[in-house]
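Numbered by our numbering, the letters in the sequence shown go through residues 132 to 430 in order. For each residue, glycine too, the CB sits at the ideal point set by N, CA and C. Heads up: the structure comes next, in structure tokens.
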Amino acid sequence: MASAASPLRRRPGAVPAAALAALAVLVALAALAVGRATPGGLQDHGPAQPVTPPLVPQPLWSGLAASPPPTSPAAGSGSATQAPPQPVPDVTVPGRDITTVDVRAVLAKDPEVSQEERRALDSCATCEVRSPEFRDLTGDGRPELIAAVATPTAVVLHVYTQADDRLLPILRVQVLKGFSAETVGTDLWLHEPTTVSTRTNSHYHWDGVRLSLLEQQVEGIGPILGTDQSGTGQSGSGPASSAVPESKPSVAPGTVRPPAPVRPSPAGPEPVPGAAVPSPRATVQPPARPTSAPPEAKP
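Dropping the structure here:
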């Protein structure tokens, strides 16, 4: 008889196929876990973007005190010149540096300057030619010349830009004497106290040819007359109404007022709600007197 088949023998060091498959799955899971970023961990998003600082208003003529606001409404700012800007005749920029020009000479040669402004150039008593300011208002990296001429009635603002060695007037506007001005980036802002409680803000922007009025807004800067500030709904122009107290007779201090006499009603006392009402024939018995006599007075 043939002997039974002997069982298969495993070679030394051999690994079952099931174990190899399980090991491959574990390796794949580990690779996925390593490649996936953990929540809250650091990640590389490349080089950081440059941070641009916000634009900050830069006041013009900050060392000059502003005039008080007017006591009555006045006209707002005028409109800019709409004709194409032409170079100021007989004026050149020395070394093409706009900061070296004589502002009085520029204003004297500018044909857009009014006769009232020319009297200010002649040093009238109530006139003034402010020192020029230089700001980049066209965005080309070069500053513009900003001049202000104060006349007895108003202030006229002039802005010139440089074209080669010539000057082009790109803005002429009349503002109130109590105005203030500032630049925000390449934009020009003018603030005028048009009334005692309101201010007009004018925003000028370079349009490629001149500084044009982009927007104009009116804002409140104080209490408005004739309105209630307490929230009671009454106008502030007159006194608030009050109730008139009821007049009462005066009583001297220390005097005790006697109680008012009670007058019996002819129909009898009024019935009390919920109480029994006696019949007409019923009589009310008087309260019983005490049986004990009061003690006799001793002699």
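query = DSSP three-state call for Ile352: helix, strand or coil?
reply = coil
ask   = Would you call Thr257 buried or exposed, if buried means 16 or more other Cβ atoms sit within 10 Å of its Cβ?
value = exposed
Reduced DSSP secondary structure (H/G/I, E/B, other) of Thr231 = helix
key: Thr326 versus His289 - alpha carbon distance   = 24 Å
inquiry  = For Leu276 and His176, what's the separation of their Cα atoms in angstroms?
reply    = 45 Å
ask   = Under the rule that 16 or more other beta-carbon atoms within 10 Å means buried, what is Ser245, buried or exposed?
value = exposed
ask   = Name the DSSP beta bridge partners of Ala149, please?
value = The partner list for Ala149 (beta bridge, DSSP) is empty, contrary to what the question assumes.
Residues near Glu313 in its chain [Cβ-Cβ closer than 7 Å; skip 5 each side] = Pro188, Gln189, Pro190, Leu191 and Trp320
key: Spatial neighbours of Ala239 in its chain, beta-carbon cut-off 7 Å, leaving aside the 5 residues before and after   = Leu252
key: Coarse secondary structure for Val156, derived from DSSP in three states   = helix
task = Give every residue of the same chain whose Cβ lies closer than 8 Å to the Cβ of Arg297, excluding the five residues on either side of it in the sequence, and list them in chain order.
result = Pro218, Val219, Val222, Thr223 and Val224
ask   = With DSSP run on the structure shown, which of helix, strand or coil describes Arg330?
value = strand
key: Per-residue DSSP class, three states only, for Val287   = strand
Ala371, DSSP secondary structure in three states = Residue confidence for Ala371 is low, a pLDDT of 40 falling below 50, so the modelled location carries little weight; the figure read from the coordinates is stated next. Note: Ala371 maps to coil in three-state DSSP.
task = Alpha carbon to alpha carbon, how far is Thr329 from Asp295? Give it in angstroms, no decimals.
result = 42 Å
Inter-residue spacing [alpha-carbon to alpha-carbon] between Gly351 and Val315 = 21 Å
DSSP three-state assignment for Ala179, whether helix, strand or coil = coil
inquiry  = For Gln293, tell me which candidate among Leu154, Pro181, Thr231 and Val260 has the shortest Cα-Cα distance.
reply    = Thr231
Length of the line joining the Cα atoms of Arg266 and Pro274 = 5 Å
task = With DSSP as the reference, label Arg266 as helix, strand or coil.
result = strand
inquiry  = If you follow the alpha helix (DSSP H) that Arg303 is in, where does it begin and where does it stop?
reply    = Element bounds for Arg303: not the alpha helix (DSSP H) but the beta strand (DSSP E), Arg297 to Val306.
inquiry  = Here's the rule: buried if 16 or more other CB atoms are within 10 angstroms of the residue's CB, otherwise exposed. What is Ala278?
reply    = buried
task = With a 10 Å radius around its C-beta and 16 neighbouring C-beta atoms as the bar for buried, classify Gln305 as buried or exposed.
result = buried
inquiry  = Mapping the DSSP letters down to three states, classify Pro220 as helix, strand or coil.
reply    = coil
query = Any idea if Asp241 is buried or exposed, counting beta-carbon neighbours within 10 angstroms, 16 or more meaning buried?
reply = buried
ask   = Are Arg261 and Val280 close, meaning C-beta to C-beta below 9 Å?
value = yes
key: First through last residue of the beta strand (DSSP E) which encompasses Leu191   = Gln189 to Leu191
query = Can you tell me whether Glu323 is buried or exposed, with buried defined as 16 or more other CB within 10 angstroms of its CB?
reply = buried
Residue span of the beta strand (DSSP E) that contains Leu321, given as start and end = Asp318 to Glu323
task = Consult DSSP for Val237 and reduce its assignment to one of helix, strand or coil.
result = helix
query = Based on Cα-Cα distance, which residue from Ala148, Gln180, Pro184 and Gly339 lies nearest to Val270?
reply = One point to set straight first is that residue 270 is Gly, not Val, in the sequence displayed. It is Gly339 whose Cα lies nearest to the Cα of Gly270.
ask   = In the DSSP assignment, what are the bridge partners of Ala278?
value = His289
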